[in-house]
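Here's the structure, in structure tokens; my notes come after.
Number of protein chains: 2
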Amino acid sequence: MLDAAAMRGEATPMREADQPQSLLMRFGADRPLAMDAGVALAPFQIAYQTYGTLNADKSNAVLVCHALTGDQHVANVHPVTGKEGWWEVMIGPGKPIDTDRYFVICPNVIGACMGSTGPASTNPATGRPYGLDLPVVTIPDMVRAQAMLIDALGVETLFCVIGGSMGGMQVLQWAAAYPTRVFSAIPIATASRHSSQNIAFHEVGRQAVMADPDWRGGRYHEAGVRPEKGLGVARMAAHITYLSDAALHAKFGRRLQNREAPTFSFDADFQIESYLRHQGRAFVQRFDANTYLYLTRAMDYFDLAADHGGRLAGAFKDTRTRFCVVSFTSDWLFPTAESRAVVHALNACGASVSFVEIDTDKGHDAFLLDVPELFSTTRGFLAAAARARGLR
Amino acid sequence: MLDAAAMRGEATPMREADQPQSLLMRFGADRPLAMDAGVALAPFQIAYQTYGTLNADKSNAVLVCHALTGDQHVANVHPVTGKEGWWEVMIGPGKPIDTDRYFVICPNVIGACMGSTGPASTNPATGRPYGLDLPVVTIPDMVRAQAMLIDALGVETLFCVIGGSMGGMQVLQWAAAYPTRVFSAIPIATASRHSSQNIAFHEVGRQAVMADPDWRGGRYHEAGVRPEKGLGVARMAAHITYLSDAALHAKFGRRLQNREAPTFSFDADFQIESYLRHQGRAFVQRFDANTYLYLTRAMDYFDLAADHGGRLAGAFKDTRTRFCVVSFTSDWLFPTAESRAVVHALNACGASVSFVEIDTDKGHDAFLLDVPELFSTTRGFLAAAARARGLR
């Protein structure tokens, strides 16, 4: 169920960008965010959600890092779409990340559009949305901002940092940048650097957005329009990469949509076409097009080894963090080889690391879906880490 | 080198559509093309090129079927781009398809834009380009038209039909529809039906074209514009699928384009971005956007088993054609499993079939590239077929 404003095509995400229906941490001129682009961003804000209760010695905090099109609404009804949180299967009372036991924090990343400072936020210097005036954001920028949030919440050490895809990149960056603040880490379906093919798919998405005349150089908000067609095409292309050939074959095959025979036309004859068009339409109702440019760019730029003299092991030197690296057999966007490279680097550092490759045909999206082996892996790893941490 | 008109952005392909710089076979009202969409298309025309000499008993004709973005200019300089033919590595004197020995015919497919009747051709009923008024074209339609061309050329039996990708679909359709007219067949990097994932990628490309306001419902010719941005995005997305992750990694990796450090912007920092943008720009200078819609649709609809009661073997019952099926290890658009399914069906019919899976990292595009094993396979298979055919 979309909310009424979204149904009318109004820019509901725009309101969330400045006044989110979330917890909000504001950082003033005295606490700027040092960005990789060389800019000190101030003021800025982080919208976040929490679940469960922080214990007395503040040792049970789990930081959940969201993916490209995710946000902080991980285990509650989404304020724009009215749908359930994107990781309800994983997080809640009695769930693998058990909110009866752990205090879960999920911040919206810097550069996003659900309340943390991003291109849809109002630029205090102009009173208009930043648009492309916001410096390009990187994964380290996101993590640096999250560390400031954690500081403000009075949490010194995170019991666990977990996330999939772009979230997994943040997990790796957390472990590399703040080794003493991360007790355990679960990077899922991710990589230590974005591949050439993945940069290529992102570039197609960005070109699709920027080709839409309603994008207007990123100034569509003021014009009262949105580059819906371009962003829809970008989403459609990306969505294919989140699934697997096998999953598409099983789910749709060559079945026709509500018809007995092909129409010999450019209608959505095939179910897969109808499904993709729906994915495109639904996405543009909840997501900001410039944010799509910024977050894909952040992923493109991510290269943990390059930031450590070209050696990935250099990123994890002397780490005492306990790692559980997870990949999926049918994920061709972040194939198992990418996770294995991370595991090899961790092994080279003598780190404590478990590696689980889960056999599934669900593709990259498996980390968001009902995959029992992911749940049992997470539950078991966290239980062992809790014992080591001395959590009751 | 682009020709002067193309450099000025003029619609040179438009002129080719009606008055191609090719051999041309016109079919009048007395010889309509029976199309799967239920329409008898008349008049229509086929532009084609030939190489070599037809022998006295007309037994040495090789039909080359081109792929989605190919055309009849297989072994001569292209009249629009000024570049060499797309299969010069394969076809010519002393080449694997030796024009000193064989008579090569390559027709532009129906629905294309280089002189055979397609959406860019003038509709004789209106005096305007067909646009979307042309019935949707299918692979069987293309092959039916080619059979009429071959009839007109006085060739009863083709010594060989060969092609890759969409060309390979035509090869399979030829063998299924005209078994006694095909002595040998070489379907390369193809499938007997388009997969769900492949339909999905095509749908993204079509939506990108149709999202461009300059598409104008397919009536852009009359408006003097072209949906270049949309078609460029479609080409970029498709181009990724023609390569392999490994090839992209080897060719581009994460290398930057003419710069030492990332610019923290949306410029084409990475070589892969620059390369893809170039591919998009070059393509729109030589290709018609509506043709892109038609030919992707033709591939989507192709399903040889469905046309034979759901059994692929039904398509090849009692065939006496000699087959050589070729796939490439790194082709994820038409993976080896698709070729293997064709081979299994042929085996079930007791057909004469060789199957070669070539180990290469070049991806789907391998069929167009300098892949020595493809050349030796083709040369050897044709030599054996020529002996069986009694060619000197």
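Chains as they are written, first to last, in our numbering: chain V, 1 to 392; chain B, 1 to 392. Every residue gets a Cβ at the ideal spot worked out from N, C-alpha and C, and that includes glycine.
Contact with chain B by residue i, beta-carbon distance below 8 Å
| i | result |
| --- | --- |
| VAL136/V | yes |
| LEU33/V | no |
| GLY230/V | yes |
| PRO119/V | no |
| ASP36/V | yes |
| ALA289/V | no |
| VAL204/V | yes |
| GLY253/V | yes |
| PRO262/V | yes |
| SER192/V | no |
| GLN19/V | no |
Alpha-carbon to alpha-carbon, residue j and residue i
| i | j | result |
| --- | --- | --- |
| LEU231/B | GLY280/B | 7 Å |
| GLY224/V | PHE201/V | 28 Å |
| ARG144/B | ALA337/B | 28 Å |
| ALA120/B | GLY38/B | 21 Å |
| HIS364/V | TYR130/V | 32 Å |
| THR362/B | GLY111/B | First, the residue type needs correcting, since residue 362/B is Lys and not Thr in the sequence shown. Approximately 28 Å, taken between the alpha carbons. |
| ARG226/V | LEU23/V | 27 Å |
| ASN60/V | ASN198/B | 46 Å |
| GLY396/V | LEU391/V | No information on residue 396/V is available, as it lies outside the stretch 1 to 392 that chain V covers here. |
| PHE27/B | PHE252/B | 48 Å |
| GLU228/V | VAL62/B | 48 Å |
| THR319/V | ALA348/V | 11 Å |
| GLU10/B | ALA175/V | In this prediction, GLU10/B has a pLDDT of 47, which is less than 50 and means its spatial position is unreliable; what the coordinates show is noted afterwards. Whole-angstrom Cα-Cα distance: 55 Å. |
| ARG311/B | ALA345/B | 8 Å |
| SER244/V | ALA237/V | 13 Å |
| ARG206/V | LEU149/B | 44 Å |
| ALA383/B | ILE97/B | 10 Å |
| THR377/V | ARG31/V | 39 Å |
Supposed close pair residue i, residue j - CB separation, criterion 8 Å
| i | j | result |
| --- | --- | --- |
| VAL204/B | VAL233/V | 6 Å |
| ARG322/B | SER116/B | 28 Å between Cβ atoms; not a contact. |
| MET114/B | PRO43/B | That pair is no contact at about 18 Å. |
| LEU304/B | SER195/B | Between SER195/B and LEU304/B the Cβ distance is about 13 Å, and since that is not below 8 Å, they are no contact. |
| ALA189/B | PHE334/B | 5 Å |
Residue closest to residue i, alpha-carbon to alpha-carbon, out of the options
| i | options | result |
| --- | --- | --- |
| ARG235/V | ASP36/V, LEU346/V, LEU68/V | LEU68/V |
| GLY284/B | ALA56/B, GLN146/B, TRP215/B | According to the sequence displayed, residue 284/B carries Val and not Gly. For the residues ALA56/B, GLN146/B, TRP215/B, the minimum Cα distance to VAL284/B belongs to TRP215/B. |
| ILE272/V | THR291/V, PRO262/V, HIS249/V, PHE287/V | HIS249/V |
| VAL343/V | GLU222/V, ALA298/V, ILE186/V | ILE186/V |
| LYS83/B | VAL74/B, ASN55/B, ALA208/B | VAL74/B |
| THR99/B | MET210/B, GLN207/B, THR50/B | THR50/B |
| ASN258/V | GLN207/V, SER265/V, ASP269/V | ASP269/V |
| HIS239/B | TRP332/B, ALA386/B, ARG219/B | TRP332/B |
| LEU368/B | MET90/B, ILE46/B, TYR48/B | MET90/B |
| PHE316/V | GLY118/V, GLN173/V, GLY218/V | GLN173/V |
| CYS65/B | SER376/B, ALA384/B, ALA385/B, SER165/B | SER165/B |
| VAL396/B | MET142/B, VAL182/B, ASP133/B, GLY163/B | Only positions 1 to 392 of chain B appear in the structure, and residue 396/B is not among them; the question remains open. |
| ALA289/V | MET210/V, THR263/V, MET25/V | MET210/V |
| ASP307/B | ASP307/V, ASP267/V, ALA208/V, PRO262/V | PRO262/V |
| ALA386/B | PHE159/B, ALA366/B, VAL371/B | PHE159/B |
8 Å Cβ cutoff, residue i in contact with chain V
| i | result |
| --- | --- |
| ILE97/B | no |
| HIS221/B | no |
| HIS249/B | yes |
| GLY9/B | For GLY9/B, the predicted model reports a pLDDT of 45, less than 50, meaning its position is unreliable and no value from the coordinates is stated. |
| ALA6/B | In this predicted model, ALA6/B has a pLDDT of only 42, less than 50, meaning its place in the structure is not dependable; the value taken from the coordinates is given anyway. By this cut-off, ALA6/B is not an interface position. |
| SER265/B | yes |
| ARG392/B | no |
| ALA40/B | no |
| MET1/B | Because MET1/B sits at a pLDDT of 30, beneath the cut-off of 50, its placement in the model cannot be relied upon, and the following sentence gives the value as read from the coordinates. MET1/B does not count as touching chain V. |
| PHE270/B | yes |
| PHE381/B | no |
| GLU273/B | yes |
| GLN207/B | yes |
| ARG297/B | yes |
Contact test: residue i Cβ vs the ligand SAM heavy atom, cutoff 7 Å
| i | result |
| --- | --- |
| GLY92/B | This structure lacks the ligand SAM; in fact it carries no ligand of any kind. |
*Check whether the stretch 114-130 of chain V touches the stretch 98-106 of chain V, counting contact only when three or more Cβ pairs, one atom from each stretch, lie closer than 8 Å.*
no
_With three or more C-beta pairs closer than 8 Å as the rule, is the stretch 130-144 of chain V touching the stretch 34-52 of chain V?_
yes
*Touch check for the stretch 308-325 of chain B and the stretch 350-358 of chain B: three-plus C-beta pairs under 8 Å?*
Between the stretch 308-325 of chain B and the stretch 350-358 of chain B there are three or more C-beta pairs closer than 8 Å, enough to call the two in contact.
_At least three beta-carbon pairs within less than 8 Å, the stretch 292-301 of chain B to the stretch 162-171 of chain B_ = yes
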